[in-house]
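Shown next, in structure tokens, is the structure this report addresses.
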Amino acid sequence: AVRQAEEKAKAAEGKLAKARNPLAMKVNLLFEDMQSMTSRLENALAALAQEQPETAEKFRTTIGQFMTLKGESMQ
Numbered sequence: 108a109v110r111q112a113e114e115k116a117k118a119a120e121g122k123l124a125k126a127r128n129p130l131a132m133k134v135n136l137l138f139e140d141m142q143s144m145t146s147r148l149e150n151a152l153a154a155l156a157q158e159q160p161e162t163a164e165k166f167r168t169t170i171g172q173f174m175t176l177k178g179e180s181m182q
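The opening position of the sequence shown corresponds to residue 108 in our numbering, with each subsequent residue numbered one higher.
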């Protein structure tokens with residue numbers, strides 16, 4: 108019971124720390140969304156490649172260029 112209470116307290120402290128820095132929390136949430144979307148995009152491209160490899164390659168090229176440009180602009 109004590110261990111559970113300590114774990115809950117630590118979790119609450121973490122949430123409080125995030126609440127103290129809402130802009131950092133927003134960036135973190137958006138980054139998590141981007142990671143999730145990237146994973147779904149990769150899965151969709153893999154499915155497309157099974158049926159339409161040429162089309163999938165065109166998408167991969169365009170998406171890769173976009174992500175590279177965005178990545179470079181964020182540095």
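Note that CB positions come from ideal geometry on N, CA and C, so glycine has one too.
Please read all numbers here as calculations on a predicted model, not as lab measurements.
Does DSSP put A108 in a helix, a strand or coil?
Walking along the sequence shown from the start, residue 108 turns up at place 1. The answer is coil: DSSP assigns A108 none of H, G, I, E or B.
Taking one C-beta from the stretch 130-141 and one from the stretch 109-120 each time, how about it: are there three or more such pairs within less than 8 Å?
no
Spatial neighbours of R167 in its chain, beta-carbon cut-off 7 Å, leaving aside the 5 residues before and after
On the sequence shown, position 60 is the one that residue 167 refers to. Counting only Cβ-Cβ distances below 7 Å, and skipping sequence neighbours, we find L152.
Minimum C-alpha distance to G171 - residue among A154, Q157, P160 and T145
Here residue 171 corresponds to residue number 64 of the sequence shown, with the count starting at 1. Checked all of A154, Q157, P160 and T145; the closest Cα to G171 is T145.
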